[in-house]
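In the numbering used here, the protein residues as written are 6 to 367.
Ideal Cβ placement from N, Cα and C applies to all residues, glycine included.
Remember, it's a predicted structure, so these values are computed and weren't measured experimentally.
Below is one structure, written out as structure tokens, with a few remarks after it.
Spelled out as structure tokens, the structure:
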């Protein structure tokens with residue numbers, strides 16, 4: 006505004022100078038014309054017309070120049086005014102844009118901080134969740150292994166008890182001697198026809214062995230009976246009738262004694278066989294105990310080896326899960342930091358990029 010006022014004042018001064026110049030020039034012409042009284046009137050009129058035309062021409066030129074300068078000045082002032090308006094608008098827009106970018110940058114900073122906090126919280130939650138799962142899995146495997154071991158030990162004890170019970174029953178069923186019979190012994194027999202019927206063998210002996218012993222005894226008894234009959238007939242034929250009773254009594258006693266000897270021999274052979282069988286039974290039972298103990302020990306060792314393998318596999322699985330989680334977390338953190346860096350670079354370029362700037366007025 007000061008510049009416009011100064012320029013306007015200069016134009017006014019120029020107009021005053023021109024008016025003064027015109028008035029002075031006119032006054033000088035009139036003075037010069039009044040001093041030359043000898044000049045003819047017509048010539049004066051011509052001279053005045055010529056000077057008037059010169060003055061009018063000068064005034065016209067000056068007016069045209071003045072109008073041209075005024076028009077140029079007005080155009081320059083309009084351009085300056087429009088420039089100032091445009092610069093002011095651009096400054097306001099730039100301030101608003103800068104304020105908006107600052108708000109966006111602040112919002113981005115808050116968003117990045119929130120993303121980092123969310124990543125940290127998510128990482129902590131994932132590690133805690135994985136630790137809880139692995140702890141529960143390890144506790145479950147430990148409980149399962151303890152249960153399996155307890156069941157195996159109970160199974161071993163039950164197998165040993167069953168084997169001992171079986172051995173006790175076998176020992177109880179094993180007879181002590183031939184004297185243990187279901188009926189009368191041979192010493193109480195009265196007739197030779199029933200001797201082999203009353204003689205029985207223990208039921209614990211094998212069926213084939215029992216039949217073999219019984220058959221041998223029956224065959225021997227039959228042979229002795231035939232021999233007794235032949236000897237009796239022979240003695241009765243060669244002995245008087247008065248001595249028949251004594252001979253029969255003596256033969257009967259002799260037959261009973263021989264059968265008793267035969268029964269004693271069979272008792273002895275059977276007792277020897279039973280002793281051998283008892284020894285073999287003890288050896289067989291001891292062998293069964295050894296085999297069972299070795300089998301149960303092997304099963305227990307297999308169970309321990311299997312449980313150790315499961316434990317090692319579980320620990321390896323836990324290590325892999327932790328490493329996989331660490332890699333996923335590291336990759337997610339790297340991607341997040343890369344994204345934040347790119348957004349920060351984009352924001353910096355938006356703030357420091359090209360913008361409107363006011364040039365100095367000319």
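Check	Outcome
Own chain, CB closer than 7 angstroms to residue 129, minus 5 neighbours either side, in chain order	none
Three CB pairs or more closer than 8 angstroms across the stretch 150-161 and the stretch 297-312	yes
Whole-angstrom distance between residue 286 and residue 201, CA atom to CA atom	Annotation note: pLDDT 38 at residue 201 (below 50); position unreliable, no value reported.
Straight-line gap, residue 324 to residue 330 (C-alpha atoms, nearest Å)	10 angstroms
Presumed contact (8 angstroms Cβ cut-off) between residue 143 and residue 351, rounded CB distance	Rounded, the Cβ-Cβ distance is 48 angstroms, inconsistent with contact.
For residue 240 and residue 264, believed in contact at Cβ under 8 angstroms, the rounded distance	Rounded, the Cβ-Cβ distance is 19 angstroms, inconsistent with contact.
Under 8 angstroms between C-beta atoms of residue 341 and residue 134	no
Local Cβ density within 10 Å of residue 206, reported as buried at 16 or more and exposed below that	The predicted model places residue 206 with a pLDDT of 43, which falls under 50 and marks its position as unreliable, so this point remains unresolved.
Coil, strand or helix - residue 244 by DSSP	coil
Residue 169 versus residue 291: straight-line alpha-carbon distance, rounded	10 angstroms
Residue 267 beta carbon less than 8 angstroms from that of residue 225	yes
Option nearest residue 305 by Cα separation, candidates 237, 317, 159 and 234	159
Buried or exposed by the 16-neighbour rule on C-beta atoms within 10 Å, applied to residue 275	buried
Chain C within 8 angstroms of residue 352, Cβ atoms only	Within the model displayed, chain C is absent; a lone protein chain is all it includes.
Beta-carbon gap between residue 166 and residue 297 smaller than 8 angstroms	no
Residue 86 burial status per 10 Å Cβ neighbour count (16 or more: buried)	exposed
Contact check, residue 113 vs residue 347, beta carbons under 8 angstroms	no
Under 8 angstroms between C-beta atoms of residue 315 and residue 138	no
Backbone CA spacing between residue 82 and residue 94 [nearest angstrom]	18 angstroms
Straight-line Cα distance separating residue 66 from residue 46	30 angstroms
Under 8 angstroms between C-beta atoms of residue 334 and residue 105	no
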